[in-house]
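Residues in the sequence shown are numbered consecutively from 9, following this note's numbering.
Worksheet for the structure shown next.
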Amino acid sequence: MLLQDFLQLLTGLNGQNQLYLKVDQNLRPLSKFILAREDCQLCCGSRPLTVDKFRRLTGKGDAAIPLSFCWQDRTLPVYGIQIQPAERRIICR
Numbered sequence: 009m010l011l012q013d014f015l016q017l018l019t020g021l022n023g024q025n026q027l028y029l030k031v032d033q034n035l036r037p038l039s040k041f042i043l044a045r046e047d048c049q050l051c052c053g054s055r056p057l058t059v060d061k062f063r064r065l066t067g068k069g070d071a072a073i074p075l076s077f078c079w080q081d082r083t084l085p086v087y088g089i090q091i092q093p094a095e096r097r098i099i100c101r
C-alpha cells in the first residue's frame with residue numbers, strides 16, 4: 009500500500025480516532041511512524057496515534073512511497089481498514 013492510498017482512506021474521518029493493527033485476532037496500537045526517503049513504516053507500540061497526529065507526522069512530503077505495517081520486527085500486509093466510530097478506532101487489517 010502506498011502512503012497516499014492510506015491517507016486517502018483516512019480522508020473525512022474524525023481526527024481523534026486512534027490507529028490499531030489487527031494481529032492474530034488481537035488489536036495492537038500503531039504508535040510509531042518512520043518516514044524515510046524511499047519508504048515508511050507504521051509500527052506497534054504502547055499508545056496509539058490519532059489520525060490528526062499521523063497526518064501531522066506525514067507532513068507535506070512525497071506521499072507516493074510504500075507504507076508498511078510492523079509488529080515485533082515483522083512486516084505485515086494490510087489490505088484495508090475497519091472503522092469503529094463508537095470506539096473511536098480505525099483498525100488496519
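Idealized CB from N, CA, C, for every residue including glycine.
Asked: The alpha helix (DSSP H) that contains L57, what's its start and end?; Found: Segment: none, L57 is in no alpha helix (DSSP H) and carries neither H nor E.
Asked: Span of the alpha helix (DSSP H) holding Q24?; Found: No alpha helix (DSSP H) holds Q24; DSSP gives it neither H nor E.
Asked: Would you report the Cα separation of S54 and S76, rounded to the nearest angstrom?; Found: 18 Å
Asked: Since C100 and L38 are thought to touch, with beta carbons under 8 Å apart, how far apart are those beta carbons, to the nearest angstrom?; Found: 7 Å
Asked: Looking at C78 and Q49, is the spacing between their C-beta atoms short of 7 Å?; Found: yes
Asked: What would DSSP say about Q12, mapped onto helix, strand or coil?; Found: helix
Asked: Does DSSP classify R45 as helix, strand or coil?; Found: coil
Asked: Suppose the cutoff is 6 Å on Cβ atoms and the five residues either side in sequence are ignored; what does the same chain contact list for D47 look like?; Found: I73 and P74
Asked: Is the Cβ-Cβ distance between Q12 and A94 less than 7 Å?; Found: no
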